[in-house]
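Asks:
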Amino acid sequence: MSEVRLHHLNSWCSWCGEFSRHTLFKKHGSGRATFLCSSCKLLTAQCRYCDSMARAVIGDDGKAGDECQTQVWHGELCAEHDGSMPNFTKATAKILELGEFKYLMRPRRKNLVGLANGNGPGAGEASSYLAAPGIAVALGGSYWRARHDASHEDLLASASLTKVGSGELGIIAAAGAGLGGKAGYGLANAYLKDIPDYHFVLKRTSPEDRGHRVVMVNGPLSEGDLDAHDWCDGLTEHYCDASLWYLNWEAKALRRLGGLLTKTAAGAHTSDILFRGEKGAFNPWQSAMLNAEKAGALLAEAISRTENRTFTLMGHSLGARVIFFALLALASKGPGRYVRDAILLGGAVDSANELDWRTAAASTAAGIHNCHSEQDSELQWLCRKADAGFAAPAGLVPVPDAGSGIVNCNFSDLVERHCEWKANLGGVMNRLARQRQSLALREREVSQAKPFPAEAFR
Numbered sequence: 000m001s002e003v004r005l006h007h008l009n010s011w012c013s014w015c016g017e018f019s020r021h022t023l024f025k026k027h028g029s030g031r032a033t034f035l036c037s038s039c040k041l042l043t044a045q046c047r048y049c050d051s052m053a054r055a056v057i058g059d060d061g062k063a064g065d066e067c068q069t070q071v072w073h074g075e076l077c078a079e080h081d082g083s084m085p086n087f088t089k090a091t092a093k094i095l096e097l098g099e100f101k102y103l104m105r106p107r108r109k110n111l112v113g114l115a116n117g118n119g120p121g122a123g124e125a126s127s128y129l130a131a132p133g134i135a136v137a138l139g140g141s142y143w144r145a146r147h148d149a150s151h152e153d154l155l156a157s158a159s160l161t162k163v164g165s166g167e168l169g170i171i172a173a174a175g176a177g178l179g180g181k182a183g184y185g186l187a188n189a190y191l192k193d194i195p196d197y198h199f200v201l202k203r204t205s206p207e208d209r210g211h212r213v214v215m216v217n218g219p220l221s222e223g224d225l226d227a228h229d230w231c232d233g234l235t236e237h238y239c240d241a242s243l244w245y246l247n248w249e250a251k252a253l254r255r256l257g258g259l260l261t262k263t264a265a266g267a268h269t270s271d272i273l274f275r276g277e278k279g280a281f282n283p284w285q286s287a288m289l290n291a292e293k294a295g296a297l298l299a300e301a302i303s304r305t306e307n308r309t310f311t312l313m314g315h316s317l318g319a320r321v322i323f324f325a326l327l328a329l330a331s332k333g334p335g336r337y338v339r340d341a342i343l344l345g346g347a348v349d350s351a352n353e354l355d356w357r358t359a360a361a362s363t364a365a366g367i368h369n370c371h372s373e374q375d376s377e378l379q380w381l382c383r384k385a386d387a388g389f390a391a392p393a394g395l396v397p398v399p400d401a402g403s404g405i406v407n408c409n410f411s412d413l414v415e416r417h418c419e420w421k422a423n424l425g426g427v428m429n430r431l432a433r434q435r436q437s438l439a440l441r442e443r444e445v446s447q448a449k450p451f452p453a454e455a456f457r
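Per numbering that gives the first Met the number 0, the very first residue in the sequence shown carries number 0; after that it's consecutive.
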């Protein structure tokens, strides 16, 4: 029976991502019929290649000459076939461990559009992620215009999206109910097109597993960093009751940046040549900084879907930036819900943005340790050459006016170069442990101190 003779269809909707009832709205003589989704009340049409429903729009955006005409627009493909949704059936699914995230994001159908042939969306690039079910339905009738202009904060908020990061490189992330839901699923799918090697690798298990997980995130890599042995060696005596997970992201680009750092150590003139003429075209450090933010949004999405787990997040250099942006996204889910604490080593993060630091710290239960070294001239050089928009990275200087939940830790006596953080990780962790013990002792002494008698104040 043809679709025109059907009054009702039960199928997946590319607007809202629900398996819903679609009622015949309008027949067309030579084209596909238009239906109305019972869940989101938006128009649909059958996908050309499967039984799912593509998006349809009826409005006055079509033009002939100088006059507006009513136009019915039918999408040719459903959200799975156009690449904006990996799998309708998994859009709100939970996972037991981070390693399942790559399977969660695996497409069920072939992408017939090939949306991966370009850069993914930044703060102002809307076309691929606004098409994702859950985002598109939240925009509703505004979608037809919003797909060309996503700069309005009210449109983003209506789709459970927000801009995270106050700098020039801020990105769009899922927020609130959108994080871990259909909006976050669609956005993660868009960002994975820019970071196709993104996945988690289990590096160590614990016989005393108590549900806590440590996630390790690299920055610039040398050849010896590829299997994360430096992280595992430094944590041999730490987190014995937790599993260690390594986040693999942008390995090729991070190896290239590691090579840049090696040349920087050999001579600044040589490394200057590598950056010369790349501003505005291709600057490897700036590109990696932007992808670090996207990797952070993906990390937040993965964490928000992992059931019955708490996390410690540890990152070096750009890896610290990944973690920082993950914390900014997770803050919309409430304080300390997923992350116990975060340790940033030589972080490529603006130290001066007080609001972002407060927001990131609020998403943890026990705060952020900003580990910095005044000797790290390579980090300062990289941020300046990348035109990153800030001259004082948190890996070089303390966060000024650090409030509750932010602890500055000076390792200038231990770390002299940007590439030495992980080689000294054991010493860093031992010192942090002593600092925590000292702080706990002081807090206990204060709580046990006898109050002055009232007459002492008379």
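Note that beta-carbon positions come from the ideal geometry of N, C-alpha and C, so glycine has one too.
Let me check one thing: in DSSP terms, what residues is L201 bridge-paired to?
Replies: Indexing the sequence shown from 1 puts residue 201 at position 202. For L201, which the question treats as bridged, DSSP gives the partners W244.
Asks: Ignoring anything shorter than 4 residues, give me the alpha helix (DSSP H) runs that lie fully in the stretch 308-388, in order along the chain.
Replies: Complete alpha helix (DSSP H) runs here, min 4: 317-329, 353-361 and 376-384.
Asks: Looking at the unbroken beta strand (DSSP E) that takes in C36, where does it start and where does it end?
Replies: Here residue 36 refers to the residue found at position 37 of the sequence shown. From DSSP, the beta strand (DSSP E) with C36 extends over T33 to C36.
Asks: Check for me: the beta strand (DSSP E) holding W11 runs from which residue to which?
Replies: By 1-based counting over the sequence shown, the position of residue 11 is 12. First-last of the beta strand (DSSP E) with W11: H7 to W11.
Asks: Taking 8 Å as the limit between beta carbons, can you name the residues of its chain near R383, skipping five residues before and five after?
Replies: Position 384 of the sequence shown, counting from 1, holds the residue named residue 383. Hits under 8 Å: A390.
Asks: Mind checking who I170 pairs with in its DSSP beta bridge?
Replies: In the sequence shown, counting from the first residue as 1, residue 170 sits at position 171. Answer is V163.
Asks: Would you check if the distance between the CB atom of H315 and the CB atom of K421 is smaller than 8 Å?
Replies: Position 316 of the sequence shown, counting from 1, holds the residue named residue 315. Position 422 of the sequence shown, counting from 1, holds the residue named residue 421. Against a cut-off of 8 Å, the Cβ pair of K421 and H315 comes out as a contact.
Asks: Per the DSSP calculation, F18 is bridged to which residue(s)?
Replies: Taking the first residue of the sequence shown as 1, we reach residue 18 at position 19. Partner(s): W11.
Asks: Please list, in chain order, all residues of the same chain as H6 whose beta carbon is under 7 Å from its beta carbon, the five residues on each side excluded.
Replies: Residue numbering aside, residue 6 sits at position 7 when the sequence shown is read from its first letter. Counting only Cβ-Cβ distances below 7 Å, and skipping sequence neighbours, we find T22 and L23.
Asks: Hey, would you say I194 sits closer than 8 Å to A296, going by beta carbons?
Replies: Residue numbering aside, residue 194 sits at position 195 when the sequence shown is read from its first letter. Residue numbering aside, residue 296 sits at position 297 when the sequence shown is read from its first letter. Not closer than 8 Å, so no.
Asks: Below 6 Å CB to CB, which residues in the same chain sit around R54 once its five sequence neighbours on both sides are set aside?
Replies: What you label residue 54 is simply residue 55 of the sequence shown in a count that begins at 1. S13, W14 and G74.
Asks: Please report the residue range of the beta strand (DSSP E) in which C408 lies.
Replies: Start at 1 with the first residue of the sequence shown, and residue 408 comes out as number 409. It spans I405 to N409 - the beta strand (DSSP E) in which C408 sits, taken as one unbroken run.
Asks: Just tell me which of V396, L378 and S376 has its CA closest to the CA of H368.
Replies: Position 369 of the sequence shown, counted from the first residue, corresponds to residue 368. Ranking V396, L378 and S376 by Cα distance to H368 puts V396 first.
Asks: Which residue comes first and which comes last in the beta strand (DSSP E) that contains A44?
Replies: Residue mapping note: residue 44 aligns to position 45 of the sequence shown, counting from 1. Unbroken beta strand (DSSP E) run through A44: L42 to Q45.
Asks: Between L440 and I342, what straight-line distance do the alpha-carbon atoms span, to the nearest angstrom?
Replies: Position 441 of the sequence shown, counted from the start, is the residue given in the question as residue 440. Position 343 of the sequence shown, counted from the start, is the residue given in the question as residue 342. So the two alpha carbons sit approximately 21 Å from each other.
Asks: Which of helix, strand or coil does DSSP assign to A287?
Replies: Residue mapping note: residue 287 aligns to position 288 of the sequence shown, counting from 1. A287 falls in the helix class under three-state DSSP.
Asks: Please name the residue, chosen from G233, M104, H237 and E249, that lies closest to K181 on a Cα-to-Cα basis.
Replies: Taking the first residue of the sequence shown as 1, we reach residue 181 at position 182. Residue M104 is the option with its Cα nearest to K181.
Asks: Can you tell me where the alpha helix (DSSP H) with H228 in it begins and where it stops?
Replies: By one-based count along the sequence shown, residue 228 stands at place 229. H228 to G233 is the extent of the alpha helix (DSSP H) around H228.
Asks: Can you tell me whether T305 is helix, strand or coil according to DSSP?
Replies: Locating residue 305 in the sequence shown gives position 306, counting from the first residue. Looking at T305 - three-state DSSP - the assignment turns out to be strand.
Asks: Excluding sequence positions up to five away, which residues of its chain have a Cβ less than 6 Å from the Cβ of S51?
Replies: Taking the first residue of the sequence shown as position 1, residue 51 is located at position 52. Excluding sequence neighbours, S51 sits near S10, W11 and C77.
Asks: Could you tell me if D81 is buried or exposed, where buried requires 16 or more neighbouring beta carbons within 10 angstroms of its beta carbon?
Replies: Along the sequence shown, read from residue 1 onward, the residue named residue 81 stands at position 82. Classification for D81: buried.
Asks: Is it right to say E300 is buried, meaning 16 or more other beta carbons lie within 10 angstroms of its own, or is it exposed?
Replies: Sequence index remark: in the sequence shown, residue 300 carries index 301 (1-based). Counting Cβ neighbours within 10 Å, E300 comes out buried, since at least 16 surround it.
Asks: Work out the CA separation of K40 and G426 for me, nearest whole Å.
Replies: On the sequence shown, residue 426 is found 427 positions in, with the first residue counted as 1. On the sequence shown, residue 40 is found 41 positions in, with the first residue counted as 1. In a straight line, the C-alpha of G426 is about 59 Å away from that of K40.
Asks: Bridge partners of K25, per DSSP?
Replies: Position 26 of the sequence shown, counting from 1, holds the residue named residue 25. Per DSSP, T33.
Asks: Grab the span of the beta strand (DSSP E) containing R212 for me, first residue to last.
Replies: Counted from its first residue, the sequence shown places residue 212 at position 213. Segment H211 to V216, the beta strand (DSSP E) holding R212.
Asks: Does DSSP put A182 in a helix, a strand or coil?
Replies: As a first step, residue 182 must be located in the sequence shown, where it is residue number 183. Three-state DSSP puts A182 in a helix.
Asks: Touching or not, the stretch 354-361 and the stretch 326-337, by the rule of three or more beta carbon pairs under 8 Å?
Replies: Touching, yes.
Asks: Between the C-alpha atoms of H228 and Q434, what's the straight-line distance to the nearest angstrom?
Replies: Counting from 1 along the sequence shown, the entry for residue 228 is found at position 229. Counting from 1 along the sequence shown, the entry for residue 434 is found at position 435. Their Cα atoms are separated by approximately 26 Å.
Asks: Measure the C-alpha to C-alpha separation of E17 and E79 and round it to an integer number of angstroms.
Replies: For this step, residue 17 is matched to residue 18 along the sequence shown. For this step, residue 79 is matched to residue 80 along the sequence shown. Cα to Cα, the separation comes out at about 13 Å.
Asks: Do W244 and V200 have their CB atoms nearer than 8 Å?
Replies: By 1-based counting over the sequence shown, the position of residue 244 is 245. By 1-based counting over the sequence shown, the position of residue 200 is 201. Yes, Cβ-Cβ distance for W244 and V200 is below 8 Å.
Asks: Could you spell out the range, first to last residue, of the alpha helix (DSSP H) harbouring Y102?
Replies: The count along the sequence shown starts at 1 and reaches residue 102 at position 103. F100 to L103 is the extent of the alpha helix (DSSP H) around Y102.
Asks: Applying the 10 Å Cβ sphere with the 16-neighbour rule, what's the burial state of G233?
Replies: On the sequence shown, position 234 is the one that residue 233 refers to. Flag for G233 reads buried.
Asks: Does the separation of the CB atoms of G218 and L246 fall below 8 Å?
Replies: Within the sequence shown, the letter at position 219 stands for residue 218. Within the sequence shown, the letter at position 247 stands for residue 246. Cβ distance not < 8 Å, so G218 and L246 don't count as in contact.
Asks: Going by alpha carbons, who is nearest to A174 out of K332, L8, D412 and A365?
Replies: In the sequence shown, residue 174 corresponds to position 175, counting from 1. Out of K332, L8, D412 and A365, K332 has the C-alpha closest to the C-alpha of A174.
Asks: Which residues in the same chain as M0 place their Cβ atom closer than 6 Å to its Cβ, once the five residues preceding and following it in sequence are excluded?
Replies: Taking the first residue of the sequence shown as 1, we reach residue 0 at position 1. With a pLDDT of only 42 at M0, under 50, the local geometry of the prediction cannot be trusted, and the value read off the model is given with reservation. Same-chain partners within the cutoff: there are none.
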